[in-house]
Amino acid sequence: MTALDGIRILDFTHVQSGPTCTQLLAWLGADVIKVERPGVGDATRKQLVDVPGADSLYFTMLNHNKRSLTLNTKNETGKEVLTRLIGECDVLVENFAPGALDRMGFGWERVQEINPRMIMASVKGFGPGKYEDCKVYENVAQCAGGSASTTGHLGDVPMVTGAQIGDSGTGLHLALGITAALLQRERSGRGQRVLAPMQDGVVNLCRVKLRDQQRLQAGPLAEYSQHGKGIPFGGATPRAGNDSGGGQPGRILKCKGWESDPDAYTYFITQAAVWKNICDLIGKPEWKEDPDYATPAARLPRLDEIFATVEEWTKTQTKFEVMDACNPLDIPAGPILSMKEIAEDEGLRRSGTIVEVDHPERGRYISVGCPIKLSDCKVEVKRSPLLGEHSIEILSDILGYSGDELQRVIDSGAVGELKDQG
Ligand code: COA
Numbered sequence: 222m223t224a225l226d227g228i229r230i231l232d233f234t235h236v237q238s239g240p241t242c243t244q245l246l247a248w249l250g251a252d253v254i255k256v257e258r259p260g261v262g263d264a265t266r267k268q269l270v271d272v273p274g275a276d277s278l279y280f281t282m283l284n285h286n287k288r289s290l291t292l293n294t295k296n297e298t299g300k301e302v303l304t305r306l307i308g309e310c311d312v313l314v315e316n317f318a319p320g321a322l323d324r325m326g327f328g329w330e331r332v333q334e335i336n337p338r339m340i341m342a343s344v345k346g347f348g349p350g351k352y353e354d355c356k357v358y359e360n361v362a363q364c365a366g367g368s369a370s371t372t373g374h375l376g377d378v379p380m381v382t383g384a385q386i387g388d389s390g391t392g393l394h395l396a397l398g399i400t401a402a403l404l405q406r407e408r409s410g411r412g413q414r415v416l417a418p419m420q421d422g423v424v425n426l427c428r429v430k431l432r433d434q435q436r437l438q439a440g441p442l443a444e445y446s447q448h449g450k451g452i453p454f455g456g457a458t459p460r461a462g463n464d465s466g467g468g469q470p471g472r473i474l475k476c477k478g479w480e481s482d483p484d485a486y487t488y489f490i491t492q493a494a495v496w497k498n499i500c501d502l503i504g505k506p507e508w509k510e511d512p513d514y515a516t517p518a519a520r521l522p523r524l525d526e527i528f529a530t531v532e533e534w535t536k537t538q539t540k541f542e543v544m545d546a547c548n549p550l551d552i553p554a555g556p557i558l559s560m561k562e563i564a565e566d567e568g569l570r571r572s573g574t575i576v577e578v579d580h581p582e583r584g585r586y587i588s589v590g591c592p593i594k595l596s597d598c599k600v601e602v603k604r605s606p607l608l609g610e611h612s613i614e615i616l617s618d619i620l621g622y623s624g625d626e627l628q629r630v631i632d633s634g635a636v637g638e639l640k641d642q643g
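In short: position in the sequence shown from 1, add 221, done, that's our numbering.
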């Protein structure tokens, strides 16, 4: 048994934000039916192609454990099939451009009419208001959600991050909203709408930067390295480079090999509780009692000098040796791992967060498995579906189409060409 056993999801998602949500729900046991346009499918199937003729990694890595139904929802018979599917499913998830579902004839009112228990969940770029009609992609959300203005180096341009906080981050928010709505439905008997706007999701993840915005009114942000350099603060939370976002100062420091290896760095945190251990480790035992260094407040204006001294030590160690030396002393530190190292990481492979998957078109590839571990819900990562791979299976097993009726649907062109389905 799995956590979401028996939950059936009508998945109208595409690109990244929505698919990350429904992939998580599929890993937790839901039956996810991905509805795609016949002959076309999710645009990512054919984006950034590395194996000619095969579904791209972009698609396969975001659509594990789903079934694919091709259905033209603008065709009359397609609408009939969709109406019946809405009646049989628990959740409809979509991240179309604003208004697309209404134009298709399946807005919230119509969906409720067909199935009052239906939960209808959407990702949109912006919530209700001035920008609600805008199309949005990842980096737009990072910028409009406050992340880019606070990322990067002081005096340099705003910067987007490699973590897909706008797309995958919003997918996570939506998945949480859906599971909560399912739980509420147990008691109320009713479905509801769930909306996760990408801008709002990014703002949520930038909470500590809004904290700092308000702290600015009380004076300079002393833990920011710009304070130590004597650079005055402006009216908004500045870009903070690699400064730690919390109350414990931290920086990225060079490690042995940094001259030739772009990832030979460590993140090092001078946590107050272990300051004495840090002093011993870096060969500065005299700093333990020196009033200029002994307290967090005394250290704040000297962080550049302190981290330069720590770096003299880290440069003599590999990033893994830094970790090995710091851990027994309770000093928080972490190696800067490249994607190559992540792909090969034994621990992540053991935990199922990095997996290898077989695919009939592209062969074996590496993917990210379920990052959430439930003790009573085992996750088995299965390859993504080929376009329309399960169309007949879904029409017959879920909707009960057979014989002449099934032939009528096929002949109408609603499910497109059905190759290799017997
Ligand atoms: N059958 C028939 N038509 C279908 C269909 C199907 N199975 N699936 C999709 N379509 C149609 C839609 O109805 C829509 O038609 P319309 O414009 O006539 O109403 C059309 O395909 C295009 O859909 P849309 O979502 O607008 O795609 P797009 O390529 O124009 O825009 C995004 C892509 C991502 C910019 C847009 O979907 C968006 O802003 N989504 C919300 C925010 C989001 O999730 N962004 C992050 C993506 S990672």
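Cβ atoms here follow ideal geometry from the backbone N, Cα and C, with glycine treated the same way.
State the Cα-Cα distance for the pair residue i and residue j, rounded to the nearest angstrom.
i    : j    : result
T265 : H285 : 14 Å
E257 : L290 : 6 Å
R523 : P459 : 20 Å
G415 : E297 : The question names Gly, yet the displayed sequence has Val at residue 415. If you take the alpha carbons of V415 and E297, they lie about 28 Å apart.
G227 : T241 : 20 Å
A224 : G412 : 19 Å
R408 : G390 : 28 Å
T539 : P556 : 9 Å
V429 : V357 : 24 Å
G455 : D252 : 51 Å
R305 : Q434 : 50 Å
D482 : C547 : 22 Å
W508 : D525 : 15 Å
E565 : G621 : 46 Å
T516 : T371 : 28 Å
D618 : A457 : 57 Å
P506 : C500 : 5 Å
E626 : V602 : 35 Å
F541 : L558 : 10 Å
E532 : H394 : 38 Å
F317 : S588 : 25 Å
D597 : R229 : 20 Å
A384 : W248 : 21 Å
I307 : I552 : 54 Å
E334 : G634 : 26 Å
R436 : N463 : 19 Å
G637 : I473 : 53 Å
The alpha helix (DSSP H) that contains residue i, what's its start and end?
i    : result
A396 : S389 to S409
S370 : Taken as a continuous stretch (DSSP letters only), S370 belongs to no alpha helix (DSSP H), as it is neither H nor E.
R523 : Where R523 is concerned, there is no enclosing alpha helix (DSSP H), given that its DSSP letter is neither H nor E.
P240 : S238 to W248
M544 : K540 to C547
S596 : Where S596 is concerned, there is no enclosing alpha helix (DSSP H), given that its DSSP letter is neither H nor E.
A564 : M560 to E565
A321 : A321 to M325
Does the distance from the CB of residue i to the CB of residue j come in under 8 Å?
i    : j    : result
V332 : M325 : no
L313 : L231 : yes
C427 : G348 : no
K295 : K255 : no
T400 : E315 : no
F489 : G468 : no
K477 : A485 : yes
I503 : W534 : yes
A649 : V344 : Given a span of 222 to 643 for the chain in the structure shown, any question on residue 649 remains unanswerable.
T382 : Y586 : no
E353 : D388 : no
Should residue i be counted as a contact of ligand 1 given a C-beta to heavy atom distance under 7 Å?
i    : result
A275 : no
S238 : yes
A264 : yes
Y488 : no
L292 : yes
K267 : no
M419 : yes
E610 : no
Y279 : no
E257 : yes
K295 : yes
F317 : yes
Check for me: the beta strand (DSSP E) holding residue i runs from which residue to which?
i    : result
H580 : I575 to H580
G624 : From DSSP, G624 is part of no beta strand (DSSP E) but of the alpha helix (DSSP H) over G624 to D632.
E315 : V312 to E315
G584 : G584 to V589
A417 : R414 to P418
M341 : I340 to K345
A554 : A554 to P556
Let me see if you follow: with CB-CB separation under 8 Å, is residue i close to chain C or not?
i    : result
I563 : Of the chains in the structure shown, none is chain C; there is only one protein chain.
What I want to know is whether the C-beta of residue i ends up closer than 7 Å to one or more non-hydrogen atoms of ligand 2.
i    : result
G346 : With respect to small molecules bound, the structure shown includes ligand 1 and not ligand 2.
- Unbroken stretches of the beta strand (DSSP E), 3 residues or longer, contained in the stretch 225 to 306: Listed in chain order, the complete beta strand (DSSP E) runs (minimum 3 residues) inside the stretch 225 to 306 are 229 to 233, 252 to 257 and 287 to 291.
- Query: Taking only runs of the beta strand (DSSP E) that begin and end inside the stretch 446 to 511, which ones reach a length of at least 3 residues, in chain order?
  - Reply: As far as the stretch 446 to 511 is concerned, its whole beta strand (DSSP E) runs of at least 3 residues are 471 to 475 and 486 to 490.
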